[in-house]
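All residue numbers for the sequence shown refer to this note's numbering, where the first residue is 1200 and numbers rise by one. Backbone N, C-alpha and C fix where the C-beta goes; we use that ideal spot for every residue, glycine too. Treat the numbers as computed from the prediction; the structure is a model and nothing was measured.
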Amino acid sequence: HVGQRVSGEGHIVCGACRNCRAGRGHLCRNTKGVGVDRPGSFAEFVCIPEDNVVLIPDDVPDEIAAIFDPFGNAVHTALSFDLVGEDVLVTGAGPIGIMGALVAARAGARKVVITDVNPYRLDLARSLGIETVVDAGAENLSDVMARIGMTEGFDIGLEMSGAAPAFRDMIDKMNNGGKIAILGIAPAGFEIDWNKVIFK
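In structure tokens form, the structure reads like this:
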């Protein structure tokens, strides 16, 4: 109804491909992302399919409703793996990266380290209680790891930046058998050393 508060699922699927027909719309090969493949929702109006609309209950404040999508992405990415007792590296201290780091800490990670190059984002991460915040443009991550008592690599990586240098550094700093969840959208065609991935 007109005037109801709603949130929108930003992935618009075709409904006709093999995955959609099998109930796996999240794997639709024809997905269009609102704000990526078509105009985003920072506009006054946005048009999405009715199936993508979720009513917001009256007892949920606007400030909470406004972060449904990024918080959902942060939680889903952070909880891709068991985090209890693990050392976690988060690359990218944007809203989703910071929320992912906080979720990892709350879920029982032993150490949580977040990196970025933006001073405002680094300060925000510190102010929200992330214990180890690293300016990747000024600090060497290996030195930071030694300072906080890490003698081996990270067990879990959450790549939230989309920055090729950050992703390469993450691969270098992972423990053998470490796991990485990737949410950051990287530029097309950036290279990584696949031998490092294979031999870890």
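Quick one: grab the DSSP three-state call for Val1450.
A question about residue 1450 goes unanswered here, because the residues of the chain that appear run from 1200 up to 1399.
So, do the segment 1244 to 1257 and the segment 1268 to 1285 have three or more beta carbon pairs nearer to each other than 8 Å?
no
Would Ile1211 be called buried (16 or more neighbouring beta carbons within 10 Å of its own) or exposed?
buried
Between Leu1292 and Ala1324, which are expected to be in contact by the criterion C-beta below 8 Å, what is the C-beta distance as a whole number of angstroms?
Looking at the sequence itself, residue 1292 is Ala, so the reference to Leu does not match. Sure, about 5 Å apart at Cβ, within 8 Å.
Cut-off 7 Å between Cβ atoms - residues of its own chain near Val1274, not counting five sequence neighbours on either side
Val1302
Return the CA-CA distance between Asp1342 and Asp1392, expressed in angstroms with no decimal places.
22 Å
Across the segment 1352 to 1362 and the segment 1373 to 1387, are there enough close Cβ pairs to call them in contact, namely three or more that are closer than 8 Å?
yes
Let me check one thing: in DSSP terms, what residues is Met1373 bridge-paired to?
Phe1353
Could you spell out the range, first to last residue, of the alpha helix (DSSP H) harbouring Leu1282?
Unbroken run through Leu1282: none, as it is neither H nor E.
Where do the N-terminal and C-terminal ends of the beta strand (DSSP E) with Ser1206 fall, by residue?
Val1205 to Gly1207
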